[in-house]
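Visitor: Before I ask anything, here is the structure I am working with.
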Amino acid sequence: MRVLLTNDDGIGSPGLHALARAFEPEAEVFVVAPEHERSATGHAITLHKPLRAVPSSIPGSSVRAWATNGTPADCVAMGALSLLAERPDIVVSGINVGPNMGRDLTYSGTVSGAMEAAIIGVPGIAVSVGAFRNPRFDVAGRFAVYLAKMIVARGLPADTLLNVNVPNLPAAEIEGVEITRQGDKRYISRLEERTDPRGRPYYWLTGEPGIRGDLEGTDTWALAHRRISVTPIGLDMTSPPAVTALRSWGLEVAKEERPARP
Ligand code: MN
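Numbering-wise (this note's numbering), the sequence shown opens with residue 10 and increments by one.
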């Protein structure tokens, strides 16, 4: 199994290091990761400046690694299309410090790493652990290896990636694994205005997350119930209910009015 690892917390993140060490005994492992944190960059790619990849290393392992000035999506494209001599069998993005559930998916660089893999035609998994404070990576790392092996053996449907969230608990306290749908986690966004030392205003975007853990079968529900959440995500962003609703509107093209003939 040839595995390409990336993340959005940057090549120095302990979550990425734990992931590399978990895969190393089981696979040929390559790491292509951002040189610094690129969380919440979504699916940004770099088109207007050169991309660079500098050989790097992962503490406690001997896997081949590169640090890049790109986003997670750039890293996967650079790895899968160029840096690795052969295409990876799977891309694993993470282990992110903090969960990626509900609306997080729109902003998540971790998820976009796996999404770029799906775009290139390689199975992708995004892995996040459900806590920002004292995150533990043992269960998430083992589960990522187990799931990657299963995906390489069985394949994933086309244009699909898996978004995995793991409770920040010891294995003995985790209740199981749920296949989920995207849940209800949203942010009450605020823009704080402050003043810089030269008297000019500046702004800081912030927000408090609101999480519903009561909607059974969702990612947020799974984590609230001490279960690992695996959400299959498709590249097709169409909203089927909206297609039905909009078709009933009978939208028309406004025809130019013909000049009146004498
Ligand atoms: Mn992150």
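For each residue, glycine too, the CB sits at the ideal point set by N, CA and C. Values in this document were obtained by computation on a predicted structure and should not be read as measured data.
Can you tell me which residues fall inside 5 Å of ligand 1, judged by beta-carbon distance to its nearest heavy atom, and keep chain order?
Guide: So the residues near ligand 1 by this Cβ test are D17, D18, S48 and N105.
Visitor: Can you confirm whether the region 185-203 touches the region 218-225 when touching is taken to mean that 3 or more C-beta pairs between the two stretches lie within less than 8 Å?
Guide: Flag = yes, the region 218-225 and the region 185-203 touch.
Visitor: My understanding is that P132 touches I183, with C-beta atoms under 8 Å, so please give their C-beta distance in whole angstroms.
Guide: Between I183 and P132 the Cβ distance is about 24 Å, and since that is not below 8 Å, they are no contact.
Visitor: Does the CB of P34 have a neighbour CB from chain C at under 8 Å?
Guide: Annotation note: the requested chain C is absent from the structure, which comprises a single protein chain.
Visitor: Assess, as a yes-or-no matter, whether the region 30-45 is touched by the region 65-76 under the definition of 3 or more beta carbon pairs within less than 8 Å.
Guide: Touching, per the Cβ criterion.
Visitor: Do you know how far the Cα of F146 is from the Cα of W286?
Guide: Residue 286 is absent from the model: the chain starts at 10 and stops at 271.
Visitor: Comparing alpha-carbon positions, which option in A76, V40, F39 and G243 lies nearest A167?
Guide: Cα-wise, what sits closest to A167 is G243.
Visitor: Below 8 Å on the Cβ atoms is my guess for G107 versus S137; work out the distance and round it to an integer in Å.
Guide: That belief holds up - the Cβ atoms of G107 and S137 are roughly 7 Å apart, short of 8 Å.
Visitor: Quick check on D205: buried or exposed, where buried means 16 or more other Cβ atoms within 10 Å of its Cβ?
Guide: Label assigned to D205: exposed.
Visitor: According to DSSP, what are the bridge partners of K194?
Guide: For K194, which the question treats as bridged, DSSP gives the partners I220.
Visitor: Assign A27 to one of three DSSP states: helix, strand, or coil.
Guide: The answer is helix: DSSP assigns A27 an H, G or I state.
Visitor: What residue range is occupied by the uninterrupted alpha helix (DSSP H) comprising E125?
Guide: From DSSP, the alpha helix (DSSP H) with E125 extends over G118 to I129.
Visitor: Is W4 near V63, with beta carbons less than 8 Å apart?
Guide: Summary: the structure shown does not reach residue 4, with the chain confined to residues 10 through 271, and so no result is reported for it.
Visitor: Name the residue from E265, L170 and L156 whose alpha carbon lies nearest to the alpha carbon of L130.
Guide: First, the residue type needs correcting, since residue 130 is Gly and not Leu in the sequence shown. For G130, the nearest C-alpha among the options comes from L170.
Visitor: Skipping 5 residues on each side, what residues in its chain have a beta carbon closer than 7 Å to that of M87?
Guide: Counting only Cβ-Cβ distances below 7 Å, and skipping sequence neighbours, we find V41, L60, A62, T77 and G79.
Visitor: L114 and N172 look like a contact to me (Cβ under 8 Å); what is the Cβ gap, rounded to whole Å?
Guide: That pair is a contact at about 7 Å.
Visitor: Please confirm if the region 49-57 is in contact with the region 18-30, defined as three or more CB-CB distances below 8 Å between the two stretches.
Guide: Touching, no, given that fewer than three Cβ pairs across the two stretches are closer than 8 Å.
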